[in-house]
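What follows is a single structure, written as structure tokens, with notes after it.
Protein chains in written order, with our numbering: chain C, -17 to 211; chain P, -17 to 211; chain Y, -17 to 211; chain F, -17 to 211; chain U, -17 to 211; chain L, -17 to 211.
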């Protein structure tokens, strides 16, 4: 049973269910929920497939050591995942970091952990095609977990989220980037941080659903082309 | 520091702050937040004043033993408060219980714990004046903690809340009932379960603020009339 | 298959499905949708049970002969139902009619068709208990179809509807009235005219769901008390 | 031309237009707008008909001497109207005053000016029929201006307004009260303080429109019954 | 009279009115409403001017043979228009098709009917200037009907519509494209699929109104430059 | 005291307060409110620093002589500022003008007053880098007042404003442009025309706050680099 408000029990439940799916050879798709859910998913999937590559679209790196004095929050999952050996930071990459709330060293710290980081400003500088080429090169043919925080998008495309940051990406750009991931070896995916109560026109829900559809299309293309999904 | 998402730390913080205020002789007023906040408040205030009487306006009794397998949630604070000796159930009273989600025995269980319960149906039957007379008689001149869950009101007066129940009370009725509490010995108050994201017209916020104003007026009247607040 | 926008096909589909349920001895519950859906439901249920009594809560009588030149619309279902012999007007009753848009003779015409009509003003005059006594007396132990148009309620309880009329009934009043129907022989029910796009605080949805819950409770009570549902 | 943001020019324009209508024997109906618009209307209509009786439904008396240091605002029109001799306070009456923002002497000051005041609490005490009898007795067969501030209603019926006060009247109650005014000699009417931007479900607009409809019905009834409108 | 809910009568009415305007030499402008309204408009205008060229901005081609088993819906108008000889597909063009709901052959089928189609992906590839050059070349100096479905725009610019598709065009892009149509021989225009109930910030209404303004400007420019409008 | 609704008193109050801050050597930051507030701010700051350069991001030039017959409105502040010698038009520049409501000569008139104007269309033509180079060149090392009307942005980024114009700039573009202003000698800033009641998803508030953050960052960068702020 999922227990709202109890992080530990919730994480145990998520790991248990996701692992059951992963063991049957499926590619688990999880809809969040705050970004802390990625940690128990990674525990489940790496238990089946070994340490994973991470492709991480987000406005924030979520690699803090603590948040409000807590170790297991939506600001810390990927540091925990590295510490627990669930992901291999040297085959992992974060795209889209930006905004006003960073500690000056946030980006540097993530790099010190081994992650490659392409900030929103750097994406603008090098362009989308070069960005995606670097993403594909980073993960190669390793087993990949894709995590998409809806606040990667600009708040006009996703007002329904908890920590929006202006000057984000459009849904057209996100769609372009996702389609460039065709051919990778995905073993898991989550779409997180959708908050319906702040979504009066329901555009966040629409966009989030279509991001999932694009991921499903990547799996379908892989199947059609003889991939192993 | 208040730590969102960690019930235990949050409760410790609330108790510490509220106790500091109560020790200075003030009447703490707390705005919630889910109803679990009442428990640490009661710990703080009973530490100063001894076991308290409780006047509890709500659609739900919040006296379950567990909720989603957890002992400390917004469905359980008053059973915990009785177990911990923070309130004296035999001088305490709950008003307004109604709705679709009760276990058949919920009301009976609360009565077994020693509480007096006047359900919404019973309030309609005996009328507001008789209801309030019973409330005042129950608590007498003991030290009283007043807890007002905004879902005591009908959802049209308070759409911005987590577990609305139709067929509730109007703000006119609530105002009448609160004014009948003049002359009681209040030592604490909270107004809980306001959820701004579900309050598009802001009527919940307006009503909640006015409920607090009515409580402040009770204190002002007591002061004017030589009461001990 | 239900075909949106084609009244005739939609009605055929509704009749077919509802009839299948009614034939199995269940009490069909339909959630609308504009009030025209009651007609195909009545065709289905009267095919199984014979001409029915109708209890009709609504701000409007829906007994026009035509609406915008059309015979089958949400303003005409109950005249059609009488013409087709699906309901027996002399054992049927309408409650709650009010508002600004009536032809001066609307109420009189409904009475000429054989229906008993208690307008909102008349309900206020004679009171809820007397109103419900008349309802129960009218239908007696005949087989009853209950239709509840959400605009029976005041617009503050049901803003999400197409033709709201101020000065309607509260959810507390509606709940009282529904509970007085215990013991009747229900063979069908619908709750119609809920329009989610005009329901920003979702109070219409909540209230509508609870009205259905109250109807289910009537069936449950009948079962417990040895009734034939 | 109406000049937004310039009180003086706007008032001159309103007076000019309303006077032109009143001179032709019509009963001007004005939709506001903040309550300051009543003053230039009263100037226009009293110029044609002499000092008027005022029936004033509102949560606030609007008889301050100044508001934010200004003499001509939505908090002061009726003191100005008395000073300018536009209304006869001894044949005028205010109904519905309530709320948290009054100076302790507000009600008393209005009475000192000659007005009769029935507060919301007093209406609840004496009941609607007695209230309306006192209103009709107060104005008798004098020429009457009716001003209806939408915040007379409870905020759930009229969230779209600038200074809502809880514990107000329902639309059913307002409709009842307005209908008791049949037979009076109306020479003008306004419905003020509707604020569409704070009216997400549009219930304020609906209710306001129906209040105007009720006033039109009073004129129609007077015409039918041989009155002089 | 327009009859809501009866497709056939509504279409007859639209054709009758639009034809009357077209016969007087005006350029009819129609605001929809679902896209099925284009068919009766095209019947009217082609009756006056002969078979027309079509410029069609939309996320969907609307050239299905049937939708929910129906021949006359918002998914089928342009196949009907070709069958009825109202438009000449070989001088017609569709721009902006995209999204998740197509049958794999949708685009190909439209091309088989004779239409030129530039999908959203193709617009991105060849760029806006080249796209508009192809549009102008396609229709040349023939008589043109311009139909603009608001869902051509990205949902953030037009949330108030029935079948939004992400990754659409911005209002800046739409404005650019419309201005490149100066000099064409327009004989009719419609702007369709605006749905106010899903437009909480009213940006859809604003954008739609400005699209119409841009079309009016095209007519004004043509007049100024001695064109025949 | 600020007096709502009295332009003259409000302007006197603004000038008094802003001047007090400017005299202490701070860079006043004002959040509006309609654009008329810039005039009293400019009076205050130029009293301390002499005639200023103006950088003005907006959809509208606000240099009319009158608006609704009034001299002091949100459509006229910068003509007044030039007339009063508060700004030096020959070192001032406006960026982003566009939309449907201009008098044909609006832009030309602004240029006649001495201002440089780069319309939205011209920004699109010459590109953002060239635009910002011209801005910096225009003001050089003179003392600069920066005024940012939120309707410079496209309505999807700022629906909460009084006169939105489609085809505006994105928050990404605005952020880029603001960052190119590093190194200028700022003596004042305002962010105006935010209207919370029309901002259901709160994206306008978020964007406006971040624009202010970007300006604060410019001051911080100047301080770090040894500038005089």
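Beta carbons: idealized from backbone N, C-alpha and C, even for Gly.
Boundaries (first-last residue) of the alpha helix (DSSP H) holding residue i
i: residue 154 (chain U); result: 153 to 161
i: residue 69 (chain Y); result: Taken as a continuous stretch (DSSP letters only), residue 69 (chain Y) belongs to no alpha helix (DSSP H), as it is neither H nor E.
i: residue 124 (chain P); result: Looking at the DSSP string, residue 124 (chain P) is not in any alpha helix (DSSP H), and its letter there is neither H nor E.
i: residue 195 (chain C); result: 185 to 206
i: residue 88 (chain C); result: 88 to 94
i: residue 179 (chain F); result: First-last for residue 179 (chain F): undefined, no H or E at that position.
i: residue 1 (chain C); result: -11 to 5
Residue range of the beta strand (DSSP E) that includes residue i
i: residue 101 (chain Y); result: 98 to 101
i: residue 12 (chain Y); result: 11 to 13
In DSSP terms, what residue i is bridged to
i: residue 79 (chain Y); result: Y:101
i: residue 174 (chain F); result: F:131
Anticipated Cβ contact below 8 Å, residue i with residue j, distance rounded
i: residue 31 (chain U); j: residue 60 (chain U); result: Their Cβ separation, rounded to whole angstroms, is 17 Å, which puts residue 31 (chain U) and residue 60 (chain U) out of contact at 8 Å.
i: residue 55 (chain L); j: residue 28 (chain L); result: Between residue 28 (chain L) and residue 55 (chain L) the Cβ distance is about 20 Å, and since that is not below 8 Å, they are no contact.
i: residue 76 (chain C); j: residue 99 (chain C); result: 5 Å
i: residue 134 (chain U); j: residue 151 (chain U); result: 6 Å
Residues of the stretch 178 to 192 of chain L whose Cβ lies closer than 7 Å to any Cβ of chain F, in chain order: Within the stretch 178 to 192 of chain L, the qualifying residues are 179, 180.
Contact residues within the stretch 20 to 40 of chain F, judged by C-beta distance below 9 Å to chain P: So nothing in the stretch comes that close.
Any chance you could list the alpha helix (DSSP H) runs of at least 4 consecutive residues sitting entirely within the stretch 20 to 77 of chain F, in chain order? Qualifying alpha helix (DSSP H) stretches, in chain order: 20 to 31, 59 to 65.
Any residues in the stretch 147 to 158 of chain L with a beta carbon nearer than 7 Å to a beta carbon of chain U? Which ones, in chain order? So the close ones are 148, 149.
Uninterrupted beta strand (DSSP E) stretches inside the stretch 107 to 146 of chain P (no shorter than 3 residues): Annotation note: the stretch 107 to 146 of chain P contains the following uninterrupted beta strand (DSSP E) runs of length 3 or greater, listed N- to C-terminal: 125 to 131.
Output needed in chain order: residues of the stretch 130 to 147 of chain F with a Cβ under 7 Å from some Cβ in chain D. Among the protein chains of the structure shown, namely C, P, Y, F, U and L, there is no chain D.
Give the residues from the stretch 193 to 205 of chain L that approach chain C closer than 8 Å (Cβ to any Cβ), ordered along the chain. If the cut-off is 8 Å between Cβ atoms, the stretch 193 to 205 of chain L has 195 near chain C.
Against chain F: residues of the stretch 80 to 102 of chain Y by CB proximity under 7 Å: Cβ contacts with chain F come from 82.
Members of the stretch 47 to 66 of chain F near chain L, C-beta cut-off 8 Å: For the stretch 47 to 66 of chain F, the beta-carbon criterion of a distance under 8 Å to any beta-carbon of chain L is satisfied by 50, 51, 52, 55.
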